[in-house]
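Residue numbers (numbering that gives the first Met the number 0), protein chains in the order written: chain A, 0 to 189; chain B, 0 to 102.
For glycine and all other residues, C-beta sits at the position ideal for the given N, C-alpha and C.
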Amino acid sequence: MELVSLFIGLTFVNNVVLSKFYAVCPLLGVSKKPKNALNMGHAVTFVIFVASIVTYALYHFVLKPLEIQYLDLITFILVIASLVQFVEMFLKKFSPDIYKAMGVYLPLITTNCAVLGVALDNISAGYSFIQAAVAGIAVPVGFTIVIYIYATIRERLEIANVPASFKGTPIALITAGIMACAIAGIAGLV
Amino acid sequence: MNISAVLALLVIGGALGLLLGVANMYLVVEEDNRVTEVTGMLPGANCGGCGYPGCSGFANALVEGGAKKVSACAVSNAETREKIAAYLNETPGPDGTTVKVTV
Numbered sequence: 000m001e002l003v004s005l006f007i008g009l010t011f012v013n014n015v016v017l018s019k020f021y022a023v024c025p026l027l028g029v030s031k032k033p034k035n036a037l038n039m040g041h042a043v044t045f046v047i048f049v050a051s052i053v054t055y056a057l058y059h060f061v062l063k064p065l066e067i068q069y070l071d072l073i074t075f076i077l078v079i080a081s082l083v084q085f086v087e088m089f090l091k092k093f094s095p096d097i098y099k100a101m102g103v104y105l106p107l108i109t110t111n112c113a114v115l116g117v118a119l120d121n122i123s124a125g126y127s128f129i130q131a132a133v134a135g136i137a138v139p140v141g142f143t144i145v146i147y148i149y150a151t152i153r154e155r156l157e158i159a160n161v162p163a164s165f166k167g168t169p170i171a172l173i174t175a176g177i178m179a180c181a182i183a184g185i186a187g188l189v
Numbered sequence: 000m001n002i003s004a005v006l007a008l009l010v011i012g013g014a015l016g017l018l019l020g021v022a023n024m025y026l027v028v029e030e031d032n033r034v035t036e037v038t039g040m041l042p043g044a045n046c047g048g049c050g051y052p053g054c055s056g057f058a059n060a061l062v063e064g065g066a067k068k069v070s071a072c073a074v075s076n077a078e079t080r081e082k083i084a085a086y087l088n089e090t091p092g093p094d095g096t097t098v099k100v101t102v
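As structure tokens, then:
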């Protein structure tokens, strides 16, 4: 039960994009087409899930016994960068179309602060291993849901009658703001 | 100086690098080496003036037939353009065909 509320809390209530404002770069960059947004969501889900497990294990079984916890940042970045490199090689081999559609935003997952954010939050919140694994799924699921909804709204905005001065990015940013307001309505629930 | 910190980072970095190296052996992609060659011949300004993302993007378009004129690259001089056109018109790709481009 505790894990379920943790999951819902991290997915919706404390949504990584709309209430913590991590990962705004891919939210704006890869949300022109819903399909690309979903692919981005899948890639980020894989990276965050594996990263949260590996960084948790590294912190508790390597850094802590050696009393070098201050190296957490650089170690986590090493892990994340390697994972993203792996995803890039994998997609290049098995799905060149997705590789091309994602463009520069694929290697930029390395600097997606949601990934590092989850890894560091798992440690600072004092999660157990299971909780860290649940967080590693809940956060990217929240990210995927938001980026997909946002992409579908942006698709509708293309044909909407928007005032000339708000066309394009301005109205997209306003949309993101309104979505954040909606999420703020359930703040503090979990 | 804390020697265990240095060693730990070395070991972690080495292990991750090794894993990536092994993964690379299984996931390596055969690339058309004409793209690499043409990228090397282009000026390398990466200005995007040709309408493609960077020089490698333009080289890719030339090899795959998306771009027909080397002169779309405004930075290149006449010598470079002729070199690239001659190279692409003479060198066959993996499937044995050449691409026709003009200067």
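Status (buried if at least 16 other CB within 10 Å, exposed otherwise) for residue i
i: T54 of chain A; result: buried
i: M0 of chain A; result: exposed
i: S81 of chain A; result: buried
i: A7 of chain B; result: buried
i: M101 of chain A; result: buried
i: N88 of chain B; result: exposed
i: L41 of chain B; result: buried
i: A77 of chain B; result: exposed
i: S164 of chain A; result: exposed
i: F11 of chain A; result: buried
i: Y69 of chain A; result: exposed
i: V117 of chain A; result: buried
i: A150 of chain A; result: buried
i: L9 of chain B; result: exposed
i: C180 of chain A; result: exposed
i: V133 of chain A; result: buried
i: V37 of chain B; result: buried
i: A186 of chain A; result: exposed
Neighbour list for residue i in chain E, Cβ cutoff strictly below 8 Å
i: M101 of chain A; result: Looking at the structure shown, chain E is missing, and the protein chains on hand are A and B.
Residue-level contact to chain B via CB, residue i, 8 Å cutoff
i: V43 of chain A; result: no
i: M0 of chain A; result: no
i: F75 of chain A; result: no
i: S164 of chain A; result: no
i: F89 of chain A; result: yes
i: S123 of chain A; result: no
i: F194 of chain A; result: Nothing in the structure corresponds to residue 194 of chain A, since chain A is present only between 0 and 189.
i: I79 of chain A; result: no
i: K92 of chain A; result: yes
i: I67 of chain A; result: yes
i: V29 of chain A; result: no
CB contact check: residue i to chain A, cutoff 8 Å
i: L61 of chain B; result: no
i: G92 of chain B; result: no
i: S55 of chain B; result: no
i: I2 of chain B; result: no
i: L9 of chain B; result: no
i: N23 of chain B; result: yes
i: V34 of chain B; result: no
i: L17 of chain B; result: no
i: G12 of chain B; result: yes
i: L41 of chain B; result: no
i: L26 of chain B; result: yes
Same chain only: Cβ atoms within 6 Å of residue i, ignoring 5 sequence neighbours per side
i: A131 of chain A; result: S51, Y55, N121
i: S18 of chain A; result: I182
i: I146 of chain A; result: L26, S30, A36, G40
i: Y51 of chain B; result: F57, A60
i: A73 of chain B; result: G48
Cβ shell of residue i (< 7 Å), same chain only, five flanking positions each side left out
i: K67 of chain B; result: V100, T101
i: G53 of chain B; result: N45, G47
i: Y275 of chain A; result: The question about residue 275 of chain A has no answer here: the residues shown for chain A are numbered 0 through 189.
i: A22 of chain B; result: none
i: I170 of chain A; result: L156, V161
i: F128 of chain A; result: Y55
i: N13 of chain A; result: K19
i: T109 of chain A; result: I79, A80, V83
i: I7 of chain A; result: V189
i: S70 of chain B; result: R80, V102
i: K82 of chain B; result: M40
Neighbourhood of residue i by C-beta, 8 Å cutoff - its chain only, sequence neighbours within 5 removed
i: I192 of chain A; result: Absent from the model: residue 192 of chain A. The displayed extent of chain A is 0 to 189, so no value can be given.
i: T97 of chain B; result: L87, N88, E89, T90, P91
i: V43 of chain A; result: A22, P25, I108, N111, A113, V114, P139, F142, T143
Practice prompt. Quick one: which unbroken alpha helix (DSSP H) runs of 4-plus residues sit fully inside the stretch 67-145 of chain A? Chain order, please.
Written response: 71-93, 95-101, 112-123
Worksheet item: What are the complete alpha helix (DSSP H) segments, minimum 4 residues, inside the stretch 157-189 of chain A?
Response: The stretch 157-189 of chain A contains these whole alpha helix (DSSP H) runs: 168-183.
Worksheet item: Per the contact definition of three or more C-beta pairs closer than 8 Å, is the stretch 64-76 of chain A in contact with the stretch 133-141 of chain A?
Response: no
Worksheet item: Taking one C-beta from the stretch 85-96 of chain A and one from the stretch 14-32 of chain B each time, how about it: are there three or more such pairs within less than 8 Å?
Response: yes
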